[in-house]
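First residue of the sequence shown: 24, per the numbering used here; consecutive thereafter. We treat Cβ as the ideally placed atom computed from N, Cα and C, and that holds for glycine. Here is the structure we will look at, set down as structure tokens.
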Amino acid sequence: MHVTGPDFLDSATFPLGQNRVGFEGTATLQRSDWGLDWNTPLATGGALISGKGKLILDISAVQLIQAETAWTGRRL
């Protein structure tokens, strides 16, 4: 398995007090490493499924804030 990242993208605090953060990364998996050795040969001489699989991760998270400090949207 080949892994790159995770790369830290950025963090920010939004006007309503929410903290946000983002990450991205990739991984290339070898199917045989996970016991997935089956395949179907094609008439053209190739294989139906590649021996490698690629995962692309794009993750963002928002920090939860307590109900007492959350913005309610009501005008005073």
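Option nearest residue i by Cα separation, candidates the options
i: Asn62; options: Gly74, Asp81, Ala35, Val85; result: Gly74
i: Ala50; options: Leu87, Asp81, Gln86; result: Asp81
i: Gly76; options: Phe46, Thr67, Asp56; result: Asp56
Cutoff 6 Å; reference residue i; Cβ partners in own chain excluding five residues on either side
i: Asn42; result: Thr36, Gln86
i: Ala84; result: Val44
i: Gly58; result: none
Residues that residue i bridges to, as DSSP identifies them
i: Ile79; result: Thr49
i: Ala84; result: Val44
i: Thr36; result: Asn42
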